[in-house]
Each structure stands twice: as C-alpha cells, then as structure tokens.
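Have a look at the structure below before the remarks.
Numbering (our numbering), first residue to last: 2 to 224.
Structural data, given as structure tokens:
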C-alpha cells in the first residue's frame, strides 16, 4: 500500500493495553488508527463502518470473543485482514483463529519490531506466524495428513497432485517460512521458489499461504 497509510482497528478489552498499542502504532508514519473496540461485537461494528486494512484482535473479550469476531469481519469485510495478538497459545485457539480467517497470530510478549513488521507484512497480503505457532501448525499438519492420498490426488482436494518438491515447499510454508527462507533451505533461487508457491496455490485452489495451511489442517481423510 505505497500510496496510503495502513488503516488499523485495535480490538482489546483492557483499556490500558489498548491505549498502549494505540500510542505505539500512532508513532509510525505509515499507520493510521481509525478506531478502537473494547469487545468483539464493537470490533465487528467498527470494521463494517471504517473498513480498516488491519484489525489487531485480542481473543478473550466480552460479548463476542476475538475468534467469532474474526469470522464475521472476514466474511463482511473481505479487504480487511486480522492479526491476532493474544496471551494464549493453546492449540485449539490457534487452529480456530486461523480457520476463522486470521492472517497472523502473535503473542503479546512479541517485541515491538515484530508487531510492526507483522502489520506491514499482512497489509501486503502475506501471513505471519511466530515460530512456536508455526511449529504447532506443522505438527497438526503432519498428524492429520495422510501422504499416499494427499500426494497422489486420490482424495477430494481440487487440482493436480503435488510433486515431491512442491510438497517439500508446502511443508516449509506451513512452518511459516517466507520465500527467502525457503530458498535457503531448498538451495533454490528465490524467484524459483516464488514460482513454486504460485503453482502450489493454483493446484490447491488457495488464495494465500495461510489458506494453504488451513486446507492442510482441515484434511480429515477417511481411511
């Protein structure tokens, strides 16, 4: 978004924390705080009204929790991306948040630079996960995935079967790695990795790297 500031809605039920985040983000010249919400229901209403680029979303909030709010915002405001920022890193909350449509999942002990980088990255259409969250996703991906049917295309997943290299890159995507990191791990040129990622998205009929992870996590194939 080179020609406009990143419009941000902060959804956090604790007033002091919400004010601290607002003060921190307001110092960035490319950020604009358009609204604040004290619970999930307010967040949904504010997102519909202000159409922010990013919602910085807490999970545990009164009236409507952050996951339910994320689901509604993603449905009603397709151009708005949700970044979860919470103290909770339990598996169920992480998986539910990502399946609800969150593009990033951060813990509140993340440093300021990581939070700022995540907001900017997600505003450009990327997904961001902390290493711990990415590890949980990868473990779940491995638990539910059944290689023979997933790789040979016998299941109901749309598109062509993945090649061995594409499957390797898909697993690195699920780990939360970017193209540059994948290039380093696979000894491929970054441009080549980008082409592979585009092909995987096309084959699996996914619109984003996060959706690739969600598709993998939602595969509950029968034996």
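Think of the CB as a built atom: it goes at the ideal place given N, C-alpha and C, for glycine as much as any other residue.
- Within the DSSP secondary-structure output, residue 72 pairs in no beta bridge.
- As the crow flies, the alpha-carbon of residue 74 is around 7 Å from that of residue 81.
- Residue 55 is a Cβ neighbour of residue 124, given a cutoff of 7 Å.
- Cβ contact annotation for residue 139 (same chain, cutoff 8 Å, sequence separation greater than five): 172, 175 and 176, in chain order.
- The beta carbons of residue 51 and residue 36 sit closer together than 7 Å.
- If you look at residue 189, you'll find it isn't in any alpha helix (DSSP H); DSSP assigns it neither H nor E.
- Between residue 108 and residue 119, the C-beta gap is not smaller than 7 Å, which leaves the two residues out of contact.
- With a beta-carbon spacing of about 4 Å, residue 6 and residue 33 fall inside the 8 Å limit used to define contacts.
- Relative to residue 200, the option among 179, 170 and 185 whose CA is nearest is 170.
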